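Read the structure below first, then the notes.
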């Protein structure tokens, strides 16, 4: 009855596959993060200009990059959902959105915490922080639209369209905010320039980044499993799983 | 004859039911809050991010945003009950209508305005509000938002039977909100210049008690009229 | 090691508060996210189990009523 | 117990009924018949106090219902077109709430569900149920209420044969215990002719 083109498009296979991935992702993320944070916090030198606050850099920038990257990943899932009618892609969007929003929130809070010692106020309407905030709104939009529909199948198409519309608007928002920020150059004391990358700073950053990426991967896989179950709750393999879980 | 339901029990039953329904519709709580944040971000971006400019307009912007997001979520107060018929059951219950209406308004206030008040300091920070203004903002919101809910309930009760009640609702209620808005923003501004603002608070408190006593009766009458 | 003593590590040249605030908040968010995500499959399975249980209960009730009706018919027929 | 004197009701410039005098004694069952739009629902809403008549007055124990609203509502059970069931709550929660609102005890709620064959639906959300099932949740109150006066607006719509028979049984039982039942229905009642009066509303052409 179901003629699946792609082997992983079968929900059960996808469920088992992501199940196997999770322990690996967890392990790698744990190792990378512990090394990266240890190096970043304890070993790497303080920045001549910003002093110790530069250490926030090792969590702020990975989170910011991930928040942008996850939104693009969500948009790709949206595209594949609409173009190839991949049911699993709907589950992927619903899985990625909250994790993306979490990393955007981390980027915002760490950005604000970094801004306080440098400019004396918690929140500064700097170009990057403002576009990060707008990205957070986009994520909340996708999550809210997903929850608004009672039955998941109807909501899924709407969410993938919103994800696509969002990703098209991301560069537009980014550059308009950038332009807006130069317009009010007086507002920010120093340009939010990323510190020049001494090698001793670059390695911990890269390790931290991949650590965060694998952590995000593991969270997404777990939520993906939940979504696959929710969308195939009538399937026999899901019922067996529910019964197996029972005893 | 069974014991007549004491007014307190009726009040609690309605309050519990409404809170349970509101919590089951979690996005009804979150959406007005997101609206509140986005409106303030729009103001900040459009006005340009000069700290001193933001500081002067901060009280006004926060209060207008709070007012609009309360207005946004007022619709929910009687609309669903009218559509599924439980509003009639409410009007026909042995317990006087104004107590049930008060319970619904309190439930609405707890669900929409309380989170808003807790979020306001975070946004005051984004708007670069003067540190002295935080307490005044908190107090004016704490006393002001119940007035918004009470007066708004009258407007909703009047327009509940109309199909396109939304715009008409804001047309009816916004004029009623102007005194609260003026007093509240004046209080916060007075606080930022650390001159005494207790006078403003006292008047807002007086407005609050006046509307607390008169609004439920007005809403009861309005509901009887609109379900006629 | 960039720091002489552990206390130095904590205070981080008077910016310690901001650094630990940002790492602390990141940790909290990730913990909440992790806990919620790891419970997602379990929540869905519980929901499915509850639905199956309710369906069985309903089927049993339907059969019970069907038997009652067939007995009452056979009773009348006799 | 409940009487209405020279009721007139005008809706959208149309006279629905004029100078209507009604007197309901304990034990009466009244069927309000008439084509669609002849004012049956309006009459029921006026009797329940939801609607003001053009002129005329409804009295409960010789006092106008506006004056003795609390006592009257204590003794009244009104079922309108929309069942008054919240779709966010489960069946049980809806039932409990309805009963608490009219100050009745809520212990035997589960047993009641079997009466209206909603057994097993106790903790399903009302949102997942059909309109007929919503109606049965509202009708479940008939088995538990102590209110003497029942005003039912087309109680039999979307109810299956067995349900209708059981409902008519309950109505008869209630009337025998000295209650008053005023209902509108399109199907003809299978109650014995002697037990109920019929008031037919015709279309009045001014």
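Residue numbers (my numbering), protein chains in the order written: chain A, 709 to 955; chain B, 84 to 311; chain C, 1277 to 1354; chain D, 2 to 207.
Cβ atoms here follow ideal geometry from the backbone N, Cα and C, with glycine treated the same way.
Predicted, not measured: the structure shown is a model, and the values here were computed from it.
Spatial distance of residue 126 of chain D from residue 96 of chain D (CA atoms): Along the fourth chain, one-based indexing puts residue 126 of chain D at 125. Along the fourth chain, one-based indexing puts residue 96 of chain D at 95. Those two C-alpha atoms are separated by around 12 angstroms.
Residue 754 of chain A versus residue 909 of chain A: straight-line alpha-carbon distance, rounded: For the purposes of this step, residue 754 of chain A is identified with residue 46 of the first chain, where counting begins at 1. For the purposes of this step, residue 909 of chain A is identified with residue 201 of the first chain, where counting begins at 1. Cα to Cα, residue 754 of chain A sits roughly 9 angstroms from residue 909 of chain A.
Segment contact, 8 angstroms Cβ cut-off, at least three pairs: the stretch 284–304 of chain B with the stretch 171–182 of chain B: yes
Same chain, Cβ closer than 8 angstroms to residue 790 of chain A, five either side skipped, listed in chain order: In the first chain, residue 790 of chain A corresponds to position 82, counting from 1. Cβ neighbours of residue 790 of chain A beyond the five flanking positions: 865, 868, 869 and 872.
DSSP state of residue 20 of chain D mapped onto helix, strand, coil: Here the question's residue 20 of chain D lines up with position 19 in the fourth chain. Three-state result, residue 20 of chain D: strand.
Chain D residues whose Cβ lies nearer than 7 angstroms to that of residue 174 of chain B: As a first step, residue 174 of chain B is located in the second chain; it is residue number 91 there, counting from the start. Within chain D, the residues near residue 174 of chain B are 51.
Buried versus exposed, by CB contacts within 10 Å (16 or more), residue 192 of chain B: Working through the second chain from its first residue, we reach residue 192 of chain B at position 109. Residue 192 of chain B is buried by the Cβ-count criterion.
Interfacial residues, the stretch 1297–1313 of chain C to chain A, with Cβ spacing under 9 angstroms: 1297, 1298, 1299, 1301, 1302, 1305, 1306, 1308, 1309, 1310, 1312 and 1313
Bounding residues of the alpha helix (DSSP H) (the contiguous stretch that carries residue 819 of chain A): By one-based count along the first chain, residue 819 of chain A stands at place 111. First-last of the alpha helix (DSSP H) with residue 819 of chain A: 795–827.
Three-pair Cβ contact test at 8 angstroms for the stretch 70–79 of chain D versus the stretch 149–156 of chain D: yes
Where residue 26 of chain D falls, given that 16 or more other Cβ within 10 Å makes a residue buried: Translated into positions along the fourth chain, residue 26 of chain D becomes position 25. That one is exposed.
Endpoints, alpha helix (DSSP H) assigned at residue 215 of chain B: In the second chain, residue 215 of chain B corresponds to position 132, counting from 1. Looking at the DSSP string, residue 215 of chain B is not in any alpha helix (DSSP H), and its letter there is neither H nor E.
Validate contact between the stretch 5–21 of chain D and the stretch 186–206 of chain D using beta carbons, cut 8 angstroms, 3 pairs: yes
Cβ-Cβ distance between residue 243 of chain B and residue 294 of chain B below 8 angstroms: Here residue 243 of chain B is taken as the residue at index 160 of the second chain, counted from 1. Here residue 294 of chain B is taken as the residue at index 211 of the second chain, counted from 1. It is not a contact, given that the beta carbons lie outside the stated cut-off.
Contacts that residue 98 of chain D makes with chain B (C-beta to C-beta distance below 7 angstroms): Translated into positions along the fourth chain, residue 98 of chain D becomes position 97. Within 7 angstroms Cβ-Cβ: 96 and 100.
Cα-Cα separation between residue 190 of chain B and residue 107 of chain B, rounded to whole angstroms: Against the second chain, residue 190 of chain B aligns to sequence position 107. Against the second chain, residue 107 of chain B aligns to sequence position 24. Roughly 14 angstroms between the two C-alpha positions.
Nearest-angstrom Cα separation, counted from residue 163 of chain D out to residue 208 of chain D: Absent from the model: residue 208 of chain D. The displayed extent of chain D is 2 to 207, so no value can be given.
Sub-8 angstroms separation of residue 287 of chain B and residue 226 of chain B beta-carbons: In the second chain, counting from the first residue as 1, residue 287 of chain B sits at position 204. In the second chain, counting from the first residue as 1, residue 226 of chain B sits at position 143. Yes. Within cutoff.
Proximity to residue 929 of chain A [Cα-Cα], best of C:1338, C:1333, C:1326 and C:1309: Within the first chain, residue 929 of chain A is the residue found at index 221, counting from 1. That would be C:1309, whose Cα lies nearest to the Cα of residue 929 of chain A.
Neighbourhood of residue 853 of chain A by C-beta, 8 angstroms cutoff - its chain only, sequence neighbours within 5 removed: The residue labelled residue 853 of chain A in the question sits at position 145 within the first chain. Within the same chain, residue 853 of chain A has close Cβ partners 863, 866, 867 and 870.
Alpha helix (DSSP H) segments (min. 4 residues) lying fully within the stretch 113–149 of chain B: none
Inter-stretch contact (C-beta, 8 angstroms, three-pair minimum) for the stretch 724–744 of chain A and the stretch 915–927 of chain A: yes
Contact list for the stretch 232–262 of chain B against chain D, Cβ threshold 9 angstroms: none
Same chain, Cβ closer than 6 angstroms to residue 886 of chain A, five either side skipped, listed in chain order: Reading the first chain from its first residue, position 178 is the one you call residue 886 of chain A. Same-chain partners within the cutoff: 835.
Residue 111 of chain D to residue 720 of chain A span [Cα, whole Å]: Walking along the fourth chain from the start, residue 111 of chain D turns up at place 110. Walking along the first chain from the start, residue 720 of chain A turns up at place 12. When rounded, the distance between both Cα atoms is 39 angstroms.
Pairwise C-alpha distance: residue 283 of chain B and residue 797 of chain A: The sequence position of residue 797 of chain A within the first chain is 89, counting from 1. The sequence position of residue 283 of chain B within the second chain is 200, counting from 1. The straight-line gap from Cα to Cα measures roughly 56 angstroms.
Residue 841 of chain A to residue 205 of chain B span [Cα, whole Å]: By one-based count along the first chain, residue 841 of chain A stands at place 133. By one-based count along the second chain, residue 205 of chain B stands at place 122. Each residue's Cα considered, the two are about 14 angstroms apart.
Residue range of the unbroken alpha helix (DSSP H) whose run includes residue 7 of chain D: Your numbering for residue 7 of chain D matches position 6 in the fourth chain. Where residue 7 of chain D is concerned, there is no enclosing alpha helix (DSSP H), although the beta strand (DSSP E) it sits in stretches over 3–12.
Members of the stretch 1312–1339 of chain C near chain A, C-beta cut-off 9 angstroms: 1312, 1313, 1314, 1315, 1316, 1317, 1318, 1319, 1320, 1321, 1322, 1323, 1324, 1325, 1327 and 1328
Check whether residue 156 of chain B and residue 195 of chain B have beta carbons under 8 angstroms apart: Counting from one through the second chain, the residue named residue 156 of chain B turns up at place 73. Counting from one through the second chain, the residue named residue 195 of chain B turns up at place 112. Taking 8 angstroms as the Cβ cut-off, residue 156 of chain B and residue 195 of chain B qualify as a contacting pair.
Sequence-distant residues of the same chain with beta carbon closer than 8 angstroms to residue 60 of chain D, five excluded per side: Here residue 60 of chain D is taken as the residue at index 59 of the fourth chain, counted from 1. Taken in chain order, the residues that qualify are 3, 4, 5, 6 and 66.
Boundaries of the alpha helix (DSSP H) in which residue 58 of chain D is found, first to last residue: For the purposes of this step, residue 58 of chain D is taken as the residue at position 57 of the fourth chain. That residue, residue 58 of chain D, is in no alpha helix (DSSP H); its beta strand (DSSP E) goes 56–61.
Proximity of residue 201 of chain D and residue 38 of chain D at Cβ, strictly below 8 angstroms: The sequence position of residue 201 of chain D within the fourth chain is 200, counting from 1. The sequence position of residue 38 of chain D within the fourth chain is 37, counting from 1. Result no, Cβ atoms of residue 201 of chain D and residue 38 of chain D do not sit closer than 8 angstroms.
Any beta strand (DSSP E) of 3 or more consecutive residues that is wholly inside the stretch 139–196 of chain D: 150–154 and 181–185
Three-state class that DSSP yields for residue 31 of chain D in the structure shown: Walking along the fourth chain from the start, residue 31 of chain D turns up at place 30. Residue 31 of chain D: strand per DSSP, three-state reduction.
Spatial neighbours of residue 53 of chain D in its chain, beta-carbon cut-off 8 angstroms, leaving aside the 5 residues before and after: Translated into positions along the fourth chain, residue 53 of chain D becomes position 52. Answer for residue 53 of chain D: 47, listed in chain order.
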